[in-house]
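Using the numbering used here, the first residue of the sequence shown is number 5, and each one after it goes up by one.
For each residue, glycine too, the CB sits at the ideal point set by N, CA and C.
Report on the structure given below.
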Amino acid sequence: MASCFGAGCGSGGVRVPDSLKGYQIVVSRRDTLSQAFIRTLRENGFAVRREVRGGGRPAAGLMHFTFREADAVATPWLHARLFDTRSGVVLAAVAIRLDSIGPDAQARARAVVDSLLAQMSHSEPSP
């Protein structure tokens with residue numbers, strides 16, 4: 005199980021939060037991890053595109069980066085932010101220790117997407 009900051013890590017089966025229904029997700033980077041994010045988001049029922057377009061459906065951008073403290077023995081963290089492309093408001097954010105989720109891009113993408121969706125589901129009112 006991944007160690008997360010600011011969200012409960014999901015383990016699959018997370019429903020798409022109502023607040024994201026109708027959104028298209030923009031993933032503009034073309035690296036291996038971004039490709040894995042695209043696959044994982046599509047598996048969760050999202051429409052994914054590469055660029056922001058005006059006048060269309062609401063879009064949320066996915067930004068990700070790794071961060072490590074200056075200390076040589078510090079553990080790197082994978083940070084991800086899902087933000088509304090019109091307002092810039094951060095919809096969900098997670099930070100996951102890289103040593104807790106495995107080395108391959110698909111495992112990392114799954115941990116991040118599950119965590120982002122779980123965080124958004126927990127912030128919505130229960131029916």
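Could you compute how far the alpha carbon of R90 sits from the alpha carbon of A74? 34 Å
According to DSSP, residues forming a beta bridge with D88: Looking at the DSSP assignment, D88 forms a beta bridge with A64.
Going by DSSP, what residue range makes up the beta strand (DSSP E) through I100? 94-101
Under the assumption that S32 contacts E55 (Cβ atoms under 8 Å), give the Cβ distance between them as a whole number of angstroms. 6 Å
Determine the closest residue to A99 out of L66, D22, R85, with distance taken between C-alpha atoms. R85
Sub-7 Å separation of I105 and A111 beta-carbons: yes
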